[in-house]
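Chains as they are written, first to last, in numbering that gives the first Met the number 0: chain X, 0 to 204; chain W, 0 to 454; chain Z, 0 to 246. What follows is a short report on a single structure.
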Amino acid sequence: MASRDEVLRAVRRGQPALVEHPGTAGLGVRFPDPVARFAEVVVEVGSACVRAPDLAAADRALRLLPVHRDARRIASLVPGVGGATFDPGAVADPHQLDGLDLCILPAELGVAENGAAWIDVRNFPHQALFVIPEHVAVVVRADSVVHDMHQAYERLRHAKGFALFLGGPSKTADIEQALVIGAHGARSCTVLLVGGVESTPGVRP
Amino acid sequence: MGHAESAALFVRDGARAHWHDQAGWWVRQRRDAGAKAVPDWEDLRERAEAIKAHALSNLAGYLEEFEANATRLGAVVHWARDAEEHNRIVHGLLAERGVKLVVKSKSMLTEECGLNPYLEARGIEVADTDLGERIVQLNHQPPSHIVIPAIHMKREEIGELFHRTLGTPAGLADPQALTEAARQDLRRRFLSAQAGITGVNFAVAETGGIVVVTNEGNADMGTSLPPLHVASMGIEKVIPRAKDLAVFLRLLARSAVGQPISSYTSHFHGPRKGGEMHVVIVDNGRSSLLGQGGFRRALACIRCGACLNTCPVYRRSGGYSYTWLIPGPIGSVLAPARDLAAHASLPFASSLCGSCSDVCPVRIDLHHQLLAWRREVAARGLLPAGKRTAMRLASLVLRYAWLYRLAGRAARLAMRVLPRPVLGWLSGGWSRQRELPPAPEASFRELYRRTRGQP
Amino acid sequence: MTTVGLFIPCYVDQFYPQVGLATLRVLERHGVRVEFPEAQTCCGQPMANSGCSDDARPLAERFLRVFGDYEYVVAPSGSCVSMVRNHYQPFLAGRTGFDHLRASTYELCEFLTDVLGVEKVEGRFPHRVGLHRSCHGLRELRLGAGSERNVKPFDKVAGLLSSLEGITLLEPSRADECCGFGGTFAVGEEAVSCMMGRDRLADHEGRGAEVVTGVDASCLMHLEGLARRERRPIRMLHVAQLLAGEG
């Protein structure tokens, strides 16, 4: 209590006269085709991007990829996608998720300006599922893609628990600024962008 | 040793100094590409500046609002007046729970408080998990850059370090392979740690949530496995509303490394299921800086590191040439507030080029603040005696046109007739590597008078 | 007829009188009536930049007295003009004539472009010229957009220079990195200062520049000092000299 009061007193003493909050209106960017832009930027930030007309097609495309073929332990939080071999809900301890080869994650929305996907873990059996697996695949609905971060925060009403903007696989450039993909989290990220196309084009890249 | 002396040593290894300079410049160029890709970039900067100015003008109110909402979400909020209290609180939380190993993601605040040695002295192992931080930790060094802690080390040196400490093969210097070795080593620690400590990039008053940003995912590994999450934040990290995050997040990763977004922009709202979350709000001199009108804008800093990368002096002198933990322009405006005498050389470790102010995402007037600190240094009598006298003398001479003209003629005459070694000695630092300017027989005003007569 | 009080920085007056003469010539050629108030000495920047406000104050007051009555004040220097426009406030706020002084003191190039509306300068300079964008002129007077900001590109100095017949204007690879002069920084942080200067010279030489030009003779004095010590052939000439048709 004493420290709290002292800090707040010191802050009140030091803070300048009130100036207005400027608001956040009038900022932002608009793209002629935000979904196409999202698909481009997703690749720029280090993920692979697969466009598919529906979940079933996304599932089929995923199963053709080396990241899926080489995976033994696969978990999926998106019903119908990924061909899960493992149920993360069956383990009580998230530590046991180490060694999970691939996890398919649902995203609430995608952001065109930066390729980020908003992932809310509230219905996940374990929070660690977005970061502990060796590889992740993220399902983003094309109709959930917004233009920019301002639009994203307009839509997001995050009340409790954990969520994140996932902007690609884990990466670092701490050694001589050489970009290395796969620091502590996923070694790769595959974005399954569902809807807004007639068929599944070749996987990029 | 002040900055100038340390920097002179750094510059002596010309090849290495150029290598370090190139490294920083490369990151600056990445930042430029990021900025140029955002059409409303300059508007964003202005808005971010204004949001921070508003936040600082209602800081107490927002801190209370944040505390109330964070508590409602199930987090426990602690307050620390200074570094010592911060360390005691954190240690207390760990010791009560029998924590023997804690994993820590990047937090300059915990560096400032000296948390690692404090915990280690009390039998708790701390593993820094950001790769750059882990490298300098294994090397028993502080970070030399706030975003790229090991920017001063070459891959071969990191390889040699990992060979000694992690058992990687001798001579291995490939960044990918070295990162893999660190991944394996730290994953073991993530899995066995009993607590995770993070910093806080932004604390949102409206929601009681905190945002932690990494590219590596280390903050997330450290908080989704151990049952205890301790988040250390400076009082200046609180921002009013969730919508404000859009402004700062559009600026942060682009300013730091030129990425449109970091890989993990994590939003914590209370503890996770079955876990505990504690937030430690730290003052440690920030409220005092808040009260200093000319310098409070430095509290807006979002720790992007852009000012370091653009600073031609930082790039050519390295983080260890500065007398404080945080180097570069932002460090040089924060440090003097803590101890002006100890850090009196820092405001002068700058040519006042102003590049820092133009890259700062929140438009802190860094180069003007450096100048303002120089005034404080002079006012408190901390300038070297010779400099003080020279300025006083020069001011006197320049107050009288006839005296100025006389001094000018005498100086030019001396420059024309005195032997080089004498001139070299008289002109001190200038002549070590440079020729003096030419000493014309007539000054401009003398030529003007001759050709134009008296006006 | 536009009347200008010519402000010649102290070190230009003493060491580079030809820059002052060139400035005079350029202004008169563009139909300006120029007066040189002999009472002028120095704007006080070295004192101010050392934190010695008390030593700078009397020089600021003197400057207002000497130049306050002119319609315009023009100087061949970005940093000295910035001192008057951006840093005299603490010394002269509220004084009669200060607002006018601040609004009417110009660096030479911006005076030509903004006040006289000059787009093309008559003259030849058939050489390879590296443009050194002196920091105070660039970032404090906004003589150009600068490499840091995302604004519509513009460059008042390059615009005028590129109108000279035969000139090849060269961009260094680092468009506007500081040369390392920085006033007393040049001596106080001599090692870094000289490394910065040498890097600028190498950059311009790498682009094939025969001449380096800029709006501040102080930057050029530092670069020239380094070049002459190492007997590098590259020459330093002030923008006024190019615009006046010298060299």
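All C-beta atoms in this analysis are idealised placements derived from N, C-alpha and C, irrespective of residue type, glycine included.
Separation of residue j from residue i, as counted between CA atoms
i: P124 (chain X); j: S75 (chain X); result: 11 Å
i: P239 (chain W); j: R362 (chain W); result: 19 Å
i: G1 (chain W); j: A299 (chain W); result: 27 Å
i: A169 (chain W); j: L130 (chain W); result: 20 Å
i: T164 (chain W); j: E155 (chain W); result: 14 Å
i: P204 (chain X); j: D173 (chain W); result: Here P204 (chain X) scores only 47 on pLDDT, less than 50, and its place in the model should not be relied on; the value that follows carries that caveat. In a straight line, the C-alpha of P204 (chain X) is about 24 Å away from that of D173 (chain W).
i: L227 (chain W); j: L307 (chain W); result: 34 Å
i: L370 (chain W); j: S217 (chain Z); result: 19 Å
i: S320 (chain W); j: A348 (chain W); result: 10 Å
i: R154 (chain X); j: V144 (chain X); result: 11 Å
i: A230 (chain W); j: K236 (chain W); result: 12 Å
i: A245 (chain W); j: Y152 (chain X); result: 7 Å
i: G143 (chain Z); j: G136 (chain Z); result: 8 Å
Residue i versus the options, residue with shortest Cα-Cα distance
i: R32 (chain Z); options: Z:E70, Z:C9, Z:A38; result: Z:E70
i: P36 (chain Z); options: Z:A190, Z:G30, Z:I7; result: Z:I7
i: Y61 (chain W); options: X:A1, X:A55, X:G45, X:H20; result: X:H20
i: A194 (chain X); options: X:Q150, X:D142, X:I180, X:H146; result: The amino acid occupying residue 194 (chain X) in the given sequence is Gly; Ala does not appear at that position. Of the listed residues, the one whose Cα sits closest to G194 (chain X) is X:D142.
i: A241 (chain W); options: W:G207, W:G269, W:S262; result: W:G207
i: L26 (chain X); options: X:L165, X:H149, X:A182, X:V179; result: X:H149
i: E27 (chain Z); options: Z:C41, Z:Q17, Z:G136, Z:T1; result: Z:T1
i: R44 (chain W); options: W:N308, W:L288, W:S254; result: W:S254
i: R302 (chain W); options: W:P148, W:A36, W:R87; result: W:P148
i: A79 (chain W); options: W:R71, W:G73, W:I88; result: W:I88
i: L200 (chain Z); options: Z:V83, Z:L20, Z:C42, Z:V211; result: Z:V211
i: W372 (chain W); options: W:E110, W:L288, W:H53, W:G13; result: W:L288
i: A54 (chain W); options: W:C352, W:E95, W:F201, W:F9; result: W:F201
i: P346 (chain W); options: Z:L140, Z:D53, Z:P232, Z:G187; result: Z:G187
i: F66 (chain Z); options: Z:C9, Z:Y15, Z:Q39; result: Z:Q39
Below-7 Å beta-carbon distance, residue i vs any chain Z residue
i: F347 (chain W); result: yes
i: E434 (chain W); result: yes
i: V203 (chain W); result: no
i: F294 (chain W); result: no
i: R391 (chain W); result: yes
i: D22 (chain W); result: Contrary to the premise, residue 22 (chain W) reads as Ala rather than Asp in this sequence. No, A22 (chain W) lies away from the interface with chain Z (no Cβ there is under 7 Å from its Cβ).
i: P454 (chain W); result: With a pLDDT of 47 at P454 (chain W), under the threshold of 50, the modelled position of this residue cannot be trusted; read the value that follows with caution. Taking Cβ atoms only, chain Z reaches closer than 7 Å to P454 (chain W), which makes this a yes.
i: P360 (chain W); result: no
i: A377 (chain W); result: yes
i: Y403 (chain W); result: yes
i: S350 (chain W); result: yes
i: E4 (chain W); result: no
Beta carbon proximity, residue i to chain W, threshold 7 Å
i: Y3 (chain X); result: For the record, residue 3 (chain X) in the displayed sequence is Arg; it is not Tyr. At least one chain W Cβ lies under 7 Å of R3 (chain X).
i: T23 (chain X); result: yes
i: L91 (chain Z); result: no
i: S187 (chain X); result: no
i: P204 (chain X); result: With a pLDDT of only 47 at P204 (chain X), under the threshold of 50, the placement of this residue in the model should not be trusted, and no figure is reported.
i: F35 (chain Z); result: yes
i: V145 (chain X); result: no
i: R228 (chain Z); result: yes
i: L198 (chain X); result: The question names Leu, but residue 198 (chain X) in the sequence shown is Ser. Not closer than 7 Å to any Cβ of chain W, the Cβ of S198 (chain X) fails to qualify, so no.
i: R11 (chain X); result: yes
i: L7 (chain X); result: yes
Assigned secondary structure, residue i (DSSP; H/G/I helix, E/B strand, else coil)
i: Y87 (chain Z); result: coil
i: A38 (chain Z); result: coil
i: S76 (chain Z); result: coil
i: P15 (chain X); result: coil
i: E124 (chain W); result: strand
i: R156 (chain X); result: coil
i: E4 (chain W); result: helix
i: C48 (chain X); result: strand
i: F153 (chain Z); result: coil
Residue i beta carbon near the ligand FAD (any heavy atom closer than 6 Å)
i: L397 (chain W); result: Absent from the structure shown: the ligand FAD. Ligands present: none.
Does the stretch 117-130 of chain Z come close enough to the stretch 71-89 of chain Z to have 3 or more Cβ pairs within less than 8 Å?
Judged by Cβ distances under 8 Å, the stretch 117-130 of chain Z makes no contact with the stretch 71-89 of chain Z, as fewer than three pairs qualify.
Is it a yes or a no for the stretch 270-279 of chain W touching the stretch 216-227 of chain W, going by three-plus beta-carbon pairs under 8 Å?
The stretch 270-279 of chain W, when compared against the stretch 216-227 of chain W, does touch it at the 8 Å Cβ threshold.
For the stretch 204-218 of chain W against the stretch 246-265 of chain W, are there 3 or more C-beta pairs whose distance is under 8 Å?
Output reads yes: the stretch 246-265 of chain W touches the stretch 204-218 of chain W.
Check whether the stretch 8-24 of chain W touches the stretch 117-137 of chain X, taking contact to mean three or more Cβ pairs, one atom from each stretch, closer than 8 Å.
The stretch 8-24 of chain W vs the stretch 117-137 of chain X: no contact.
Three CB pairs or more closer than 8 Å across the stretch 64-78 of chain Z and the stretch 97-115 of chain Z:
Contact between the stretch 64-78 of chain Z and the stretch 97-115 of chain Z is present: 3 or more CB-CB pairs across the two stretches fall below 8 Å.
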